[in-house]
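Numbering (this note's numbering), first residue to last: 5 to 460.
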């Protein structure tokens with residue numbers, strides 16, 4: 005938004021982006037203020053449970069307001085104010101200094117540089133010829149601030165791109181184009197897939213527009229990636245179907261492909277849901293399974309629905325065990341959110357993992373026998389893992405239906421506890437309690453709105 009402003013409420017001028025998960029803000033310049041919340045009346049502000057931004061430049065300040073949590077990567081802004089529970093900044097100019105917890109400051113975790121990332125692919129139109137091109141930005145390491153030029157990007161003419169349509173394409177026709185070496189753009193629509201879209205060519209791009217929705221109709225994954233490097237997946241929503249899948253997205257084969265740090269795979273704005281719009285029960289065992297190494301996730305929300313088109317979700321309906329399972333080494337995530345799965349929400353088995361921001365809610369509808377007694381957690385690093393770094397990992401509880409006592413939000417080898425920077429727990433509402441934040445560290449949370457942090 006350049007050259008104009010709007011006053012949303014008295015004193016609340018600027019651009020308004022009061023969102024929750026799966027509503028990223030990317031590649032935008034804002035001349036004035038950016039408001040990440042919406043004022044209601046009196047002392048009240050609307051609920052905002054975001055959120056993600058990357059490659060955003062704001063000429064004025066960013067007002068977080070009532071945003072419960074937020075992640076900002078490779079952005080630039082005048083200053084940042086407010087924040088409720090967990091605000092994480094990576095490679096961003098103007099980010100506030102780190103401060104753990106709510107005592108004497110705001111809950112900020114700041115990392116000066118982004119270790120390694122590539123921006124999300126996008127489409128451009130030549131102003132003279134009117135021709136379309138697909139842009140895949142280059143990998144950058146140790147980066148700070150924004151990137152708006154295409155100097156180092158790969159520019160792909162649309163003669164090398166197939167534009168798929170949900171009205172006429174299925175898995176077989178899309179795979180035929182991918183096997184021919186074309187990149188694929190998924191136009192907006194709902195794609196009922198009886199087999200996975202298979203990405204097996206190095207450097208291939210699968211880009212969804214308008215959150216193209218990929219629905220499993222045959223107990224299948226909707227996307228698989230072979231043992232190849234530099235694949236880019238972006239901009240689509242994966243949805244479970246009535247026949248249980250092993251996973252909705254599988255990256256890598258059983259062999260455990262190591263990948264390449266100089267040409268990593270990248271998932272940007274790829275989301276998944278199990279339940280929600282469906283009037284029948286749907287399920288998958290896992291939403292995203294990363295078997296290969298050197299894969300990056302840049303913004304994802306993996307959601308087992310707590311409500312659906314028919315009302316609330318109760319007693320384990322629309323089952324899914326895990327949101328994310330990572331077997332590969334050297335996997336990095338920027339902006340990871342996983343909610344409501346019926347077993348460990350995230351399971352990390354690979355070495356060298358790096359996680360920058362994590363937001364999770366434990367399932368609402370479990371009881372003591374199905375959750376607390378089985379010691380499930382919001383985030384688990386396997387007992388044999390030697391190296392793992394995590395910044396701003398948050399686990400929230402809302403045991404809506406039953407009184408559940410849960411031992412901890414995060415389970416990890418004791419030697420890795422110092423590698424978790426500013427982990428936290430929040431009791432949103434409901435019954436029960438969480439005894440600790442990570443392993444046996446951190447205070448219990450059991451009252452509505454109660455928080456606990458483990459600070460250095």
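The C-beta atom is built at its ideal place from N, Cα and C for all residues, glycine as well.
Residue i to residue j span [Cα, whole Å]
| i | j | result |
| --- | --- | --- |
| residue 404 | residue 371 | 10 angstroms |
| residue 160 | residue 442 | 46 angstroms |
| residue 362 | residue 133 | 44 angstroms |
| residue 316 | residue 326 | 20 angstroms |
| residue 230 | residue 203 | 6 angstroms |
| residue 111 | residue 428 | 10 angstroms |
| residue 118 | residue 359 | 12 angstroms |
| residue 6 | residue 129 | Only weak support is given to the placement of residue 6: the predicted model assigns it a pLDDT of 49, under 50, and the value that follows is read from those uncertain coordinates. Cα to Cα, the separation comes out at about 20 angstroms. |
| residue 321 | residue 343 | 14 angstroms |
| residue 201 | residue 444 | 43 angstroms |
| residue 252 | residue 258 | 16 angstroms |
| residue 412 | residue 163 | 53 angstroms |
| residue 95 | residue 430 | 27 angstroms |
| residue 290 | residue 281 | 19 angstroms |
| residue 423 | residue 385 | 12 angstroms |
| residue 139 | residue 271 | 15 angstroms |
| residue 1 | residue 456 | Residue 1 cannot be examined here, being either before or after the span of the chain that is shown, 5 to 460. |
Member of the options whose CA lies at the smallest distance from the CA of residue i
| i | options | result |
| --- | --- | --- |
| residue 91 | 432, 257, 339 | 339 |
| residue 114 | 416, 138, 77, 121 | 77 |
| residue 397 | 387, 388, 381 | 381 |
| residue 136 | 142, 126, 60, 103 | 126 |
| residue 406 | 436, 423, 195 | 436 |
| residue 215 | 119, 169, 147 | 169 |
| residue 175 | 364, 421, 194, 157 | 194 |
| residue 400 | 201, 454, 49, 138 | 454 |
| residue 311 | 191, 375, 391, 367 | 367 |
| residue 54 | 41, 65, 64 | 41 |
| residue 191 | 206, 213, 446 | 213 |
| residue 227 | 249, 79, 207 | 249 |
| residue 260 | 334, 22, 165 | 334 |
| residue 420 | 72, 449, 390 | 390 |
| residue 220 | 337, 348, 285, 349 | 285 |
| residue 79 | 29, 89, 87 | 29 |
| residue 299 | 438, 27, 121, 245 | 121 |
Coil, strand or helix - residue i by DSSP
| i | result |
| --- | --- |
| residue 164 | helix |
| residue 423 | helix |
| residue 257 | coil |
| residue 326 | strand |
| residue 6 | In this prediction, residue 6 scores a pLDDT of 49, lower than 50, which makes its location untrustworthy; no coordinate-derived value is stated. |
| residue 26 | coil |
| residue 241 | strand |
| residue 305 | strand |
| residue 247 | coil |
| residue 289 | strand |
| residue 440 | strand |
| residue 282 | coil |
| residue 447 | coil |
| residue 347 | coil |
Exposed unless 16 or more other CB atoms sit within 10 angstroms - verdict on residue i
| i | result |
| --- | --- |
| residue 269 | buried |
| residue 395 | buried |
| residue 177 | exposed |
| residue 141 | buried |
| residue 273 | buried |
| residue 93 | buried |
| residue 318 | exposed |
| residue 85 | exposed |
| residue 460 | exposed |
| residue 47 | exposed |
| residue 52 | buried |
| residue 452 | exposed |
| residue 131 | exposed |
| residue 151 | buried |
| residue 183 | exposed |
| residue 189 | buried |
| residue 337 | buried |
| residue 44 | exposed |
is_contact[residue i, chain B] using C-beta, thresh 8 angstroms
| i | result |
| --- | --- |
| residue 129 | You won't find chain B in this structure, because it holds only one protein chain. |
3-residue-minimum beta strand (DSSP E) runs that sit fully inside the stretch 352-420, ordered along the chain: 357-365, 383-385, 392-403, 409-415
Inside the stretch 171-212 only - alpha helix (DSSP H) runs reaching at least 4 residues: DSSP runs (the alpha helix (DSSP H)) wholly in the stretch 171-212: 175-183.
Beta strand (DSSP E) segments (min. 3 residues) lying fully within the stretch 32-87: 43-45, 56-62, 73-77
Residue ranges of each beta strand (DSSP E) within the stretch 89-173, 3 or longer: Segments of the beta strand (DSSP E) lying fully in the stretch 89-173: 90-94, 112-115, 118-121, 126-129, 136-140, 144-147, 158-161, 165-168.
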